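J.:
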Amino acid sequence: MAPLFLGTEVFEKCFSLILCFLQHCWGTGLRASKVFQIERWCYANWDLHAGYGQKRNDFLAQVLSSEGCWEKVNTLHGVKLNKQIVGKKLITPPDSDNPFSTKRYNIACRCCLEEDIIALFEDFKQKRNVGDGDTDSLRELVSNLSGDPLVTFWSHFVSGYISKLDLNGLHPYEYGLKCAMDLKQAEAVEFFWNKIKSLPENELSAQQKDEMSPDKYPELLKRDLAENRYYGSLNALQDALRFDQFQRLFDCLKPNDLSDKKYSCLLWSIKLGSYSEPYIKAAIDLFVHMWMREGFDNHRALVLKEEMTDSGLQGDLLVPLVKRDYMEPVWAVLDKAIPEQIKEFMNSKQADHIRSTLKEKGDEGSLDKFLSYGRHIIKGVFMPNEERPQDFELIELLIQEAAASTSVQQSSGVDESFKGRFQSYIDQIPSYMHSVEKKGFFPHFFFGSFSTLLDTEIAEKLDIEKICFSFDGPQTLKVAVIKKGEIKNREDAIDKVRLFVISEQDAKIATQKFSYGELRDALGKSHPARFQPVFDNKSELKVKLVTINKDKRECSKKCVKPKKK
Numbered sequence: 001m002a003p004l005f006l007g008t009e010v011f012e013k014c015f016s017l018i019l020c021f022l023q024h025c026w027g028t029g030l031r032a033s034k035v036f037q038i039e040r041w042c043y044a045n046w047d048l049h050a051g052y053g054q055k056r057n058d059f060l061a062q063v064l065s066s067e068g069c070w071e072k073v074n075t076l077h078g079v080k081l082n083k084q085i086v087g088k089k090l091i092t093p094p095d096s097d098n099p100f101s102t103k104r105y106n107i108a109c110r111c112c113l114e115e116d117i118i119a120l121f122e123d124f125k126q127k128r129n130v131g132d133g134d135t136d137s138l139r140e141l142v143s144n145l146s147g148d149p150l151v152t153f154w155s156h157f158v159s160g161y162i163s164k165l166d167l168n169g170l171h172p173y174e175y176g177l178k179c180a181m182d183l184k185q186a187e188a189v190e191f192f193w194n195k196i197k198s199l200p201e202n203e204l205s206a207q208q209k210d211e212m213s214p215d216k217y218p219e220l221l222k223r224d225l226a227e228n229r230y231y232g233s234l235n236a237l238q239d240a241l242r243f244d245q246f247q248r249l250f251d252c253l254k255p256n257d258l259s260d261k262k263y264s265c266l267l268w269s270i271k272l273g274s275y276s277e278p279y280i281k282a283a284i285d286l287f288v289h290m291w292m293r294e295g296f297d298n299h300r301a302l303v304l305k306e307e308m309t310d311s312g313l314q315g316d317l318l319v320p321l322v323k324r325d326y327m328e329p330v331w332a333v334l335d336k337a338i339p340e341q342i343k344e345f346m347n348s349k350q351a352d353h354i355r356s357t358l359k360e361k362g363d364e365g366s367l368d369k370f371l372s373y374g375r376h377i378i379k380g381v382f383m384p385n386e387e388r389p390q391d392f393e394l395i396e397l398l399i400q401e402a403a404a405s406t407s408v409q410q411s412s413g414v415d416e417s418f419k420g421r422f423q424s425y426i427d428q429i430p431s432y433m434h435s436v437e438k439k440g441f442f443p444h445f446f447f448g449s450f451s452t453l454l455d456t457e458i459a460e461k462l463d464i465e466k467i468c469f470s471f472d473g474p475q476t477l478k479v480a481v482i483k484k485g486e487i488k489n490r491e492d493a494i495d496k497v498r499l500f501v502i503s504e505q506d507a508k509i510a511t512q513k514f515s516y517g518e519l520r521d522a523l524g525k526s527h528p529a530r531f532q533p534v535f536d537n538k539s540e541l542k543v544k545l546v547t548i549n550k551d552k553r554e555c556s557k558k559c560v561k562p563k564k565k
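Using the UniProt record's numbering, read the sequence shown as starting at 1 and increasing by one per residue.
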C-alpha cells in the first residue's frame with residue numbers, strides 16, 4: 001500500500017510530467033480516462049518510482065503516455081492501459097540506458113511476462129554460475145530472489161521448485177491469482193484468471209470450481225460482508241470506476257441482504273457531483289438503477305424520509321446535476337417521493353435554484369416537467385379536479401381584468417368575478433389549510449398555473465405568445481404576459497404587455513413591486529430589439545398587484561406603475 005504522503009512526492013514530480021505528455025488528448029474525451037488509469041498505476045506501483053529521481057520519472061512518463069501502451073476498448077473508459085506492455089517497455093532497454101535496470105526482474109514478475117521472467121532467471125543463473133544439476137546453488141538463488149508474493153511465486157515456478165512453496169492445496173495458477181489479488185496487480189490478476197479458465201476442470205481445486213460460478217456471487221458477497229463488516233468488493237469496484245461490474249454484484253443482493261442504512265450508504269457513495277466525463281453518465285445510470293430497483297421500496301422510503309428535505313441531497317446531488325444538464329436522477333427521486341415530501345422540496349431554496357437554472361439554460365421542456373410535480377400535488381392532493389373551479393379560469397380573469405383596466409388608480413375593491421372564483425378555491429380545501437398556511441403556497445400555486453397556461457385553449461383565446469416569470473423570495477411571484485403581434489409603439493406596448501405581482505401579505509414590501517430592471521431582464525434577453533418600444537414606454541405600463549391575506553382567507557388587488565431601478 002502506498003504511503004499517505006506519496007501524493008505530493010509522486011504527482012508533483014512524476015505525474016505532472018505525464019500530464020504534459022498527454023496534451024494531445026485534450027478535447028478528445030480520452031484524457032480523463034488516461035489520467036485516471038495512470039494515477040491508479042502509479043499508486044499500485046509506487047515503490048518503483050517514489051523518490052528515485054528525475055531520470056526515472058522522465059522515462060516512466062514517456063512510457064505511460066506513449067500510444068503503444070494504450071488500446072481502444074468498447075467500455076466506459078474508451079481506452080485501456082495495457083500494463084503488460086508498460087512492463088515490457090520498462091524492462092526492454094539495455095542496462096546502460098534503463099533507469100529501471102535493477103527492477104527488471106521484479107517488474108517482469110508483477111506483469112507476468114512469462115518469457116522475460118524465464119530469460120532473466122537464466123541470466124541470474126549464468127552470472128552466479130548455477131548449473132542445472134547444482135541443486136543447492138539453485139535453491140539459494142531462488143531464496144535470494146524471493147521478495148513480494150509474486151516474485152516468490154515466479155522464482156519457485158520457473159526454477160522447478162514450486163513444490164517447495166506452500167500452495168495451501170491450490171493449483172499453482174490459483175495460488176498466483178491469490179498473490180496478484182493481495183498485491184492489487186490488475187495485469188497479474190488478468191493473466192492468472194485467463195490461465196485458470198484454460199485449465200482442464202480436473203486440475204482445478206474444488207474451491208475454485210465452486211467459486212468461479214456466477215451463481216456463487218451472492219454467497220461470496222455474504223462472506224465479504226461477514227469478514228469486512230461492509231461490502232469491500234463493491235467499494236473496490238466503485239473506486240476503480242467499474243460501475244458495470246458494481247451493478248452486476250449489486251443485482252445479486254436481495255432487499256433483506258441490505259439494511260436501510262447500508263443501502264443509503266451505497267447509494268450516496270456514488271459521488272455523482274465529483275465525476276468528470278465520461279464517468280458521470282455511467283455513474284448516473286448506476287444511481288438510477290439502484291434507486292429504481294424492485295423490492296427496495298422500504299429502503300427508498302427511509303432515504304426519502306431522512307434526506308428529501310435535507311440540503312445535502314438537494315444541494316450536493318440534484319442542483320449540481322441540473323447545472324450539468326443531467327435531469328434523470330431528479331425525475332427518479334421525485335417519482336418515488338410522496339406528496340408531502342414534494343411539497344416541501346418545491347418550497348425549498350434548492351428548488352428555486354433548479355427553476356432558475358433551467359430557465360437560464362432555456363430548457364423549457366425540463367422546466368415544464370419539473371414544475372408539473374408541484375402542480376400535480378396542488379391539483380391532485382388538495383382539490384379534486386371535478387370539484388374545484390379551474391385554476392386557469394383564475395388566470396384568465398386576472399388577465400382580462402388587466403386588459404379592461406384604464407386608470408392607474410383602480411378601486412381597492414377586487415373584481416367580484418375574480419374574488420368569487422378565488423374564494424371558491426379557498427372554500428374547497430378547508431381540511432388542508434395547514435398546507436395553505438405555509439409560506440409561499442399561493443405564489444407557487446399561481447406559478448404552476450401560469451407556467452402551463454400556454455398549453456391551454458385559454459392561452460389561444462387570449463392570444464398569448466409568451467409568459468416570463470421569476471420569484472422575488474418565496475412569497476412573491478412576478479409575471480410578464482406577452483400577447484401575440486408586433487410591438488412598434490406606445491399603444492402596442494400597452495396592449496401587448498401585462499405585468500403581475502402575486503404576493504402574500506406578510507412578504508417584504510420591497511418585493512411587491514415590479515422594477516424596470518426585472519422587466520428588462522425578463523424580456524430583453526431573447527429579443528431585445530423587439531421589446532425596445534416596451535422599455536421606451538415603461539412609464540405607461542401598469543402592474544396588477546394581487547395581495548393574498550391568508551389569515552382572512554381573501555385577496556385584494558390594485559394597479560400600480562413599475563418602480564424605477
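Built from N, CA and C at the ideal position, the CB exists for glycine as well.
All values reported here derive from a predicted model rather than from experimental measurement.
(1) Do L177 and W193 have their C-beta atoms closer together than 8 Å?
(2) Taking three-plus beta-carbon pairs below 8 Å as touching, is the region 496-511 in contact with the region 540-548?
(3) Below 7 Å CB to CB, which residues in the same chain sit around R530 once its five sequence neighbours on both sides are set aside?
(4) When the Cα of K34 is compared with those of K83, D47 and F59, which residue comes out closest?
(5) Considering only residues of the same chain and omitting the five flanking positions on each side of S157, which have a CB-CB separation below 7 Å?
(6) With 16 other CB atoms within 10 Å as the buried threshold, where does M292 fall?
(7) Assign C112 to one of three DSSP states: helix, strand, or coil.
(8) Can you tell me the Cβ-Cβ gap for Y326 and I284, rounded? I've got them flagged as a contact below 8 Å.
(9) Within 8 Å, do at least three Cβ pairs link the region 467-477 to the region 445-454?
(10) Among residues of its own chain, excluding the 5 on either side of N385, which ones have a beta-carbon nearer than 6 Å to its beta-carbon?
(11) Is DSSP giving S412 helix, strand or coil here?
(12) I'd like the list of long-range same chain contacts for A180, defined as Cβ closer than 7 Å, with 5 residues on each side in sequence excluded.
(13) Please report the straight-line C-alpha distance between N549 and K438, rounded to a whole angstrom.
(14) For P430, which of helix, strand or coil comes out of DSSP?
(15) Grouping DSSP H, G and I as helix and E and B as strand, with all else coil, what is G380?
(16) Quick one: what's got a C-beta closer than 8 Å to I85's C-beta in the same chain, skipping five residues either side?
(17) Over the uninterrupted beta strand (DSSP E) stretch that includes N549, give me the two end residues.
(18) Beta carbon of E396: closer than 7 Å to some heavy atom of the ligand GDP?
(19) Quick one: give me the first and last residue of the alpha helix (DSSP H) that A282 is part of.
(20) With DSSP as the reference, label S186 as helix, strand or coil.
(21) One question on the structure: do L523 and A480 come within less than 8 Å of each other, judged by their Cβ atoms?
(22) Just how far apart, CA to CA, sit K209 and L334?
(23) For the alpha helix (DSSP H) containing F471, name the first residue and the last one.
(24) Give me the residue from E71, I117, V79 and D244 with the minimum Cα distance to T92.
(25) Please return the same chain residues whose Cβ sits closer than 7 Å to the Cβ of E328, not counting the five positions on each side in sequence.
(26) DSSP puts T456 in a beta bridge; with which residues?
(27) Using the C-alpha atoms, what's the distance from E174 back to L199?
(28) Determine the direct distance from the alpha carbon of S143 to that of L120, and round the result to whole angstroms.
(29) Do the CB positions of R124 and L145 come within less than 8 Å of each other?
(30) For the region 63-132, list the alpha helix (DSSP H) runs that are entirely contained and at least 4 residues long, ordered along the chain.
(31) Can you give me the C-alpha to C-alpha distance between V322 and T357, rounded to a whole angstrom?
(32) Along the chain, which unbroken stretches of the alpha helix (DSSP H) at least 4 residues long are found entirely within the region 308-362?
(33) Could you check how far apart the C-beta atoms of residue 603 and I482 are, in whole angstroms? I think they sit under 8 Å.
(34) Bridge partners of A180, per DSSP?
T.: In brief:
(1) yes
(2) yes
(3) I487
(4) K83
(5) The question names Ser, yet the displayed sequence has Phe at residue 157. So the list reads P172, once near-sequence residues are dropped.
(6) exposed
(7) coil
(8) 6 Å
(9) yes
(10) Per-residue confidence for N385 stands at a pLDDT of 36, beneath the threshold of 50, marking its modelled position as unreliable; the derived number appears in the next sentence. Excluding residues within five positions, none has a Cβ falling inside 6 Å.
(11) Note that S412 scores 39 on pLDDT, short of 50, meaning its location in the model is unreliable and no value can be drawn from it.
(12) L150, A188, V189 and F192
(13) 12 Å
(14) With a pLDDT of only 41 at P430, under 50, the local geometry of the prediction cannot be trusted, and no value is derived from it.
(15) Confidence in G380 is poor, its pLDDT being 42 and thus under 50, which makes the residue's placement unreliable; the coordinate value appears in the next sentence. G380: helix per DSSP, three-state reduction.
(16) G68 and C69
(17) V543 to N549
(18) The ligand content of the structure shown is nil, which means the ligand GDP is not present either.
(19) Y279 to M292
(20) One point to set straight first is that residue 186 is Ala, not Ser, in the sequence displayed. Of the three classes helix, strand and coil, the one that applies to A186 here is helix, per DSSP.
(21) yes
(22) Only weak support is given to the placement of K209: the predicted model assigns it a pLDDT of 47, under 50, and the question is left unresolved by the model.
(23) Where F471 is concerned, there is no enclosing alpha helix (DSSP H), although the beta strand (DSSP E) it sits in stretches over I464 to F471.
(24) I117
(25) I284 and V288
(26) According to DSSP, T456 bridges with nothing at all.
(27) 11 Å
(28) 16 Å
(29) Residue identity check: residue 124 is Phe in the sequence provided, not Arg. Yes, they are a contact pair.
(30) 83-91, 104-110 and 114-127
(31) 7 Å
(32) 319-323, 328-336, 339-346 and 349-361
(33) The displayed coordinates of the chain run from 1 to 565. Any statement about residue 603 would go beyond what the structure contains.
(34) Answer is none; A180 lacks a bridge partner.
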